[in-house]
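To keep things clear, I will list the structure first and then write my remarks on it.
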Amino acid sequence: MTKALLAPPAVGAPDERAGDEWRDRPAAQQPDWPDPSALRAVVRQLAGLPPLVTPEECDTLTDRLGQVARGRAFLLQGGDCAETFAGTSAAAVRRKLETLLQMAVVFSYAASMPVVKVGRMAGQFAKPRSAPTETRDGLTLPVYRGDAVNGVEFTPEARRPDPGRLHQAYQASAATLALIRAFVAGGYADLRQVHAWNQDFVARSPVGQRYERLADEIDRALRFLDVCHVDLSDLRTVELFTSHEGLLLDYESALTRTDPRTGGRYAGSGHLLWVGERTRALDGAHVAYLAGVRNPVAVKLGPSVGADEVLGYVERLDPDRVPGRLTLVVRMGAKRIRDRLPGLVQAVTAAGAEVVWVSDPMHGNTITAPSGHKTRQFDDILDEVAGFFEVHHGLGTHPGGVHVELTGDDVAECLGGGSAVALDDLGRRYESACDPRLNRGQSLDLAFRAAELFRG
Ligand code: PEP
Ligand code: MN
Numbered sequence: 001m002t003k004a005l006l007a008p009p010a011v012g013a014p015d016e017r018a019g020d021e022w023r024d025r026p027a028a029q030q031p032d033w034p035d036p037s038a039l040r041a042v043v044r045q046l047a048g049l050p051p052l053v054t055p056e057e058c059d060t061l062t063d064r065l066g067q068v069a070r071g072r073a074f075l076l077q078g079g080d081c082a083e084t085f086a087g088t089s090a091a092a093v094r095r096k097l098e099t100l101l102q103m104a105v106v107f108s109y110a111a112s113m114p115v116v117k118v119g120r121m122a123g124q125f126a127k128p129r130s131a132p133t134e135t136r137d138g139l140t141l142p143v144y145r146g147d148a149v150n151g152v153e154f155t156p157e158a159r160r161p162d163p164g165r166l167h168q169a170y171q172a173s174a175a176t177l178a179l180i181r182a183f184v185a186g187g188y189a190d191l192r193q194v195h196a197w198n199q200d201f202v203a204r205s206p207v208g209q210r211y212e213r214l215a216d217e218i219d220r221a222l223r224f225l226d227v228c229h230v231d232l233s234d235l236r237t238v239e240l241f242t243s244h245e246g247l248l249l250d251y252e253s254a255l256t257r258t259d260p261r262t263g264g265r266y267a268g269s270g271h272l273l274w275v276g277e278r279t280r281a282l283d284g285a286h287v288a289y290l291a292g293v294r295n296p297v298a299v300k301l302g303p304s305v306g307a308d309e310v311l312g313y314v315e316r317l318d319p320d321r322v323p324g325r326l327t328l329v330v331r332m333g334a335k336r337i338r339d340r341l342p343g344l345v346q347a348v349t350a351a352g353a354e355v356v357w358v359s360d361p362m363h364g365n366t367i368t369a370p371s372g373h374k375t376r377q378f379d380d381i382l383d384e385v386a387g388f389f390e391v392h393h394g395l396g397t398h399p400g401g402v403h404v405e406l407t408g409d410d411v412a413e414c415l416g417g418g419s420a421v422a423l424d425d426l427g428r429r430y431e432s433a434c435d436p437r438l439n440r441g442q443s444l445d446l447a448f449r450a451a452e453l454f455r456g
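Residues 1 to 456 in UniProt numbering are what the sequence shown lists, from first letter to last.
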């Protein structure tokens, strides 16, 4: 563990140190920046730039998630494992957005609930890693920690952490967010249009017939509204929020701002921030940072977590019991979800917290293919979601949503799904900078299959 931060920046609000308790705590997974003065300069620069999101928007997301916590809405969170600077093209962002919107329509219809849409987008540029170094052909270099830290190429130059990349991450996030806002406001997300894309998917998918019934039902519902002369103009736009792992505390704290309305502190880098499986120490810096901001926040829960620990997150991150403030993202693996989850849900319910329960069916199901590629089986992913729904349905609690790694592109990174990506295909189009993502077809397969499971 390295200690994160340096001295706080000299610019910004007068209460720059408020909410800075995390600085005195151990911060896991921080890069070894070679030049602390260069880091200080970037932090100072970021502190003088506008935040990417506003406190009002963050409060709106907390409200929406409060609806999820109370069983009245469903959360869909998705995007790349690791966004890259090179991947910030208009086309790639649009395809990711389309995929999320298409999945949301399916869930919304099947669950008869609004879907709160949150991208793993516009900020997901830093990665926690299992080991600090990587060795290839006798050469050992620092591991890739995301484009916000170093380059993915296996050379000493690329792998050297460069604080200038934090500024590039801010710019790439701002550009992505601007695109998202433009697409969403411009009528691109119109429900009828998104439904037409889904019909197209059903017609082309090798297993499309499976989904015909649900797609037809949605079609009939839309026609019915139309013939009743219901004003469909509300369907032209959607709300879409951003999220990422709040990993690099120097970056996060440089973008933390005080809300002039209330004096509360907010992370300005994205609407929702989470702590990951490797940085969720209760007395660590990451949890302390999240405790000091008012954004909605989330914690990833892996198979080793115990009920007491989960209650610790509830006390630390949601002491006022605000519905929607805390999201618990469960990533146990398909084999463990049915055993591990019930005790956690029962403990949180007994504590009176109204949290959002979300299934991340990706991170507990990662395997290594003979070719060396990290991959995941579509059937394991679906099975973990099924187990998550079963547990909640059994306890009478709300399975609040899913959190998935996906792309709008036709990559071959996860195995199986309707178009049956096979082991041999992994070399064909494996583009992820980190973990394997569902491609567009697999993402839609998952939405249709999970929606069927949700309806029971
Ligand atoms: C991730 O979401 O990419 C990740 C690293 O997850 P986890 O912290 O759950 O392992
Ligand atoms: Mn990942």
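Glycine is no exception: its CB is placed at the ideal position from the N, C-alpha and C atoms.
Opposing strand residues paired with A267 [DSSP bridges]: T256
Measure the alpha-carbon distance for W274 versus L328 and round it to whole angstroms. 9 Å
Where do the ends of the beta strand (DSSP E) carrying F241 lie? L240 to E245
Measure how close the beta-carbons of Q67 and H167 come, nearest whole angstrom, since I'm counting them as under 8 Å. Between H167 and Q67 the Cβ distance is about 36 Å, and since that is not below 8 Å, they are no contact.
CB contact flag (V297, L272, <8 Å): yes
Specify which residues have a beta carbon nearer than 5 Å to any heavy atom of the ligand MN, listing them in chain order. C81 and D435
Considering T133, what are the terminal residues of the beta strand (DSSP E) in which it resides? T133 to R136
Can H393 and W357 be called in contact, C-beta distance under 8 Å? no
Need the endpoints of the alpha helix (DSSP H) that P156 sits in, please. P156 to R159
Starting from H403, trace the beta strand (DSSP E) both ways and give me its first and last residue. G401 to E405
Can you have a look at A420 and say buried or exposed, based on whether 16 or more other CB atoms are within 10 angstroms of its CB? exposed
Could you check if S173 is buried or exposed, using at least 16 other CB atoms within 10 Å of its CB as the buried criterion? buried
Own chain, CB closer than 8 Å to G164, minus 5 neighbours either side, in chain order: A38 and V42
Neighbour-count burial assignment, L5, 16 or more Cβ in a 10 Å radius: Because L5 carries a pLDDT of 38, less than 50, the predicted location of this residue cannot be relied on, and the following value inherits that uncertainty. Buried: at least 16 other Cβ atoms inside 10 Å.
Could you tell me how far apart the beta carbons of V314 and A351 are, in whole angstroms, since I believe they sit closer than 8 Å? 6 Å
If you follow the alpha helix (DSSP H) that G66 is part of, which residue opens it and which one closes it? P55 to A69
Could you give the C-beta distance for A450 and V385, rounded to a whole number, given that I count them as a contact under 8 Å? 5 Å
Cα-Cα separation between A111 and T279, rounded to whole angstroms: 33 Å
Could you spell out where the beta strand (DSSP E) holding Q442 opens and where it closes? Note, Q442: premise wrong, no beta strand (DSSP E); alpha helix (DSSP H) at R440 to R455.
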